[in-house]
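**Q** This is the structure, below, for whatever I ask next.
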Amino acid sequence: MRFADAHSDFGILRSMVQEGTVSKQIENDFVRDLEIAEVGMSVVQVGGDFNHDTYDFRERDIVLQTMNLFQPENIKQHPYLEVAVSKKDIDDITNRGKSAVILSIEGSTVIDTKFETLDFLYEQGLRNLAITHDYQNQYGCGCRVEVDTGLTPDGERLVEYTAKKGMILDLVHVGEKTFWGAIEYASQPVFVSHSNSKRVFDEVRNITDQQIQAIGERKGVVAVNFISEFLDPQKGVAPLDRLVDHIDYIVELTSIENVALGPDFFQYLMPELDYVGDVIGPADLVRVPPALETRGYSEREVSKICYENLVKFISTSLR
Ligand SMILES: [Zn+2]
C-alpha cells in the first residue's frame, strides 16, 4: 500500500538540521521511514506565519533558505525524494517508485503585496499556498483570532493571482469568514491539508459540515490531521478508531474520493505531542489501512483514502 501525505513539516526539519538544532540522523531516519512506508507523495511546507502577523523580512529569509534546501543540487542527497511542479513530474517520479515532493507555504505573511516574493518562490518550485496560519496577516484571518474580519482586498488579489499562476490553494488554518471569502474568489482547486470534522469533535482547528461539503463540491480533498488533540476530547493518545470516525463522516458528507491523510508529523520536534493510535511517523502509517478495513472499507477504497485521492487532486490541479 502506498501513502500520500497532504501536510509534512519536513521542510522545517531540514531547516533545523541546517541550523544545527536537530541532528542529521533524525532527518535521515525520517526519509528512510518515508521509503519503507512507500510514501509516494508529500506536500512539504517550507515555512509560514508561525511567529508574526505582519510582513517580516527575517521570516522571509527563513522561507527562502528552506526553499533553497529543496533545489535539485541540495535535495539530491535523498535519492528517494524529488520535487514535482507539474502533473508530468508527479507521473514520472511516482512511476519510478520515488516520492514526489510538492512545495508549500503555511501562511502568506512573507508574501509582499506586490507578489514579488511569490513570483520568486514559484520559480523555485512553490505550488501550494495557505493564506494564514492560526492568526491574522495582511491577507486574512486564521481560526484563532477573536473576530475573523474575512479575506482582505489584498487577500482577494492573492487568491486570484495564485489561480493565474496555476497554484493550489490550501484553506487550512483560516477562520470561517476568510474561508468563504477565499471560496468566492478562488477559480482554482482548493483543499484543506490537515484538519478534521468540527461535528465529530468541536475544536477550533476543525471545519464545519458546510466547509467540508464546499471542498467536496469543488472536487477537493479534506486531509485528516493525526494529532490527538484535534480528534478527540480525551487527553492522551486517541484510539485509531477516532481517526476513522472523522474519515467516515467526511466520506458521508462528500464521497470516497474527497478524503485523504494529512498527518502533520512533527513529534521529532515536539516529543510531548500525542498522535492518534501512536502513529507518530511515516513508518507507522501501515497501521491505518487495517483500521479502515475493520470499518468495512474495501482494499480499493483504502488505497483511495491513503494515496490515490491526494495524488489525483494535486496532479489535476497542477498544469
Ligand atoms: Zn498547520
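Per the numbering used here, the sequence shown runs over residues 282 to 600.
Think of the CB as a built atom: it goes at the ideal place given N, C-alpha and C, for glycine as much as any other residue.
(1) Entirely within the segment 378-427 and at least 3 residues each: give me those beta strand (DSSP E) ranges in chain order.
(2) What number of angstroms, rounded off, separates the C-alpha of residue 421 from the C-alpha of residue 497?
(3) Taking residue 591 as the reference, which of 368, 461 and 399 has the closest Cα?
(4) Check whether the segment 544-561 and the segment 579-595 are in contact - that is, three or more C-beta pairs closer than 8 Å.
(5) How far does the alpha helix (DSSP H) with residue 596 in it extend, from its first residue to its last?
(6) When DSSP builds the beta bridges, which residues end up paired with residue 322?
(7) What do you reckon, are the CB atoms on residue 343 and residue 328 nearer than 7 Å?
(8) Please list the terminal residues of the continuous beta strand (DSSP E) segment that includes residue 503.
(9) Go ahead and pull the three-state DSSP assignment for residue 298.
(10) Anything with a beta carbon under 7 Å from a heavy atom of ligand 1 counts; list them all in chain order.
(11) Take the Cβ of residue 511 as the centre, count every other Cβ of all protein chains shown within 10 Å, and call the residue buried at 16 or more, exposed below.
(12) I'd like to know whether the C-beta atoms of residue 472 and residue 502 end up nearer to each other than 7 Å.
(13) Among 365, 377 and 350, which residue has its Cα nearest to the Cα of residue 598?
(14) Looking at the strands, I want to know which residues DSSP matches up with residue 508.
(15) How would you call residue 579, buried or exposed, if buried means at least 16 neighbouring beta carbons within 10 angstroms?
(16) In three-state terms, what does DSSP make of residue 365?
(17) List the residues that DSSP assigns as beta-bridge partners of residue 650.
(18) Please name the residue in 575, 563 and 500 whose C-alpha comes closest to that of residue 380.
**A** Walking through what the data contain:
(1) 380-387 and 407-411
(2) Here residue 421 refers to the residue found at position 140 of the sequence shown. Here residue 497 refers to the residue found at position 216 of the sequence shown. Cα to Cα, residue 421 sits roughly 23 Å from residue 497.
(3) Within the sequence shown, numbered from 1, the residue matching residue 591 stands at position 310. Here the closest residue by C-alpha is 368.
(4) no
(5) On the sequence shown, residue 596 is found 315 positions in, with the first residue counted as 1. Start and end: 590-598.
(6) As a working note, residue 322 is residue 41 in the sequence shown. Per DSSP, 285 and 381.
(7) The residue labelled residue 343 in the question sits at position 62 within the sequence shown. The residue labelled residue 328 in the question sits at position 47 within the sequence shown. It is a contact, given that the beta carbons lie within the stated cut-off.
(8) As a first step, residue 503 is located in the sequence shown; it is residue number 222 there, counting from the start. Its beta strand (DSSP E) spans residues 503-505.
(9) Residue 298 sits at position 17 when you count from the first residue of the sequence shown. The answer is helix: DSSP assigns residue 298 an H, G or I state.
(10) 288, 387, 414, 453, 454, 475 and 545
(11) Indexing the sequence shown from 1 puts residue 511 at position 230. Buried is the call here.
(12) Walking along the sequence shown from the start, residue 472 turns up at place 191. Walking along the sequence shown from the start, residue 502 turns up at place 221. The answer is yes: Cβ separation under 7 Å.
(13) Against the sequence shown, residue 598 aligns to sequence position 317. Closest option to residue 598, Cα to Cα, is 365.
(14) The count along the sequence shown starts at 1 and reaches residue 508 at position 227. According to DSSP, which records beta bridges pairwise, residue 508 is partnered with 556.
(15) By 1-based counting over the sequence shown, the position of residue 579 is 298. Exposed is the call here.
(16) By 1-based counting over the sequence shown, the position of residue 365 is 84. In the structure shown, residue 365 sits in coil (DSSP, three-state: anything other than H, G, I, E or B).
(17) A query on residue 650 cannot be resolved here, the shown segment of the chain reaching from 282 to 600 and no further.
(18) The residue you call residue 380 lines up with position 99 of the sequence shown. Considering only alpha carbons, the answer is 563.
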